[in-house]
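Following: one structure in structure tokens, then a few remarks.
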Amino acid sequence: MKRKKSSSFKYEALVGIGGNVGDVIKRFRRLIRYWQDCPHVKVFETSPILQNPAFGQVKQPDFLNAVARIQTSLSPQLFLKHLLHTEGRFGRVRLVPNGPRTLDLDLIFFEDFILQTKHLNLPHPGWKSRISVLVPLGMMQQRMKR
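Sequential numbering of the sequence shown, starting at 0, is according to numbering that gives the first Met the number 0.
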């Protein structure tokens, strides 16, 4: 059964959450608490956290990943800015592409929007090939069927 959206949170988004530096599980919990206090964001549902191998040129620890269904009053562009700001608040530093990170937030879907801009592509171009998205999303869908 699909829950009804709150009128002030008119958009629904799917966000990929990942990290592989420090106490990632503790950081995920802090992220959810942070979002609970954010006036423009409401966490609707989260998947279980899964461990996935890292990818990229740099040797690094495995990632912990999850996805979250979010409701927001922000536009796609402003929501992306919010996600980037949140990564920074949680210690994200971009030294190497696909390098180790404290927190990685990817905007996977935003309603049924299809966008291609310099800074935002919706849906996320890599979502269909990322086990870090497909498996947690599948687990959330299984839970919804029960």
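From the three backbone atoms N, C-alpha and C, an ideal C-beta is built for every residue, glycine too.
Straight-line Cα distance separating residue j from residue i
i	j	result
Lys1	Asp111	Low confidence applies to Lys1: its pLDDT is 43, below 50, so where it sits in the model is not reliable, and the reading given next is rough at best. In a straight line, the C-alpha of Lys1 is about 16 angstroms away from that of Asp111.
Leu13	Arg88	20 angstroms
Pro46	Leu83	For the record, residue 46 in the displayed sequence is Ser; it is not Pro. Ser46 and Leu83: Cα-Cα distance of roughly 21 angstroms.
Phe108	Leu136	12 angstroms
Leu119	Leu79	8 angstroms
Tyr33	Ile48	18 angstroms
Thr116	Ala53	27 angstroms
Gly18	Leu73	24 angstroms
Lys4	Val134	Residue confidence is low: Lys4 scores 47 on pLDDT, short of 50, so the model does not pin down where it sits. No coordinate-derived value is stated.
Leu106	Met139	17 angstroms
Glu44	Arg68	5 angstroms
Ala65	Gly125	15 angstroms
Lys41	Pro96	29 angstroms
Ile55	Arg93	The question names Ile, but residue 55 in the sequence shown is Gly. Roughly 14 angstroms separates the two Cα atoms.
His147	Phe8	Residue 147 lies beyond the residue range present for the chain, which begins at 0 and ends at 145; the question has no answer from this structure.
Leu30	Gln76	20 angstroms
Gln70	Tyr10	6 angstroms
Arg26	Val57	22 angstroms
Beta-carbon separation (whole angstroms), residue i vs residue j, contact threshold 8 angstroms
i	j	result
Pro20	Leu63	Residue 20 is actually Val in this sequence, not Pro. Not a contact, Cβ separation roughly 10 angstroms.
Asp61	Asn51	6 angstroms
query: Between the region 128–135 and the region 75–89, are three or more C-beta pairs nearer than 8 angstroms?
result: no
field: Minimum length 3: unbroken beta strand (DSSP E) runs contained in the region 31–57
entry: 40–45, 49–51
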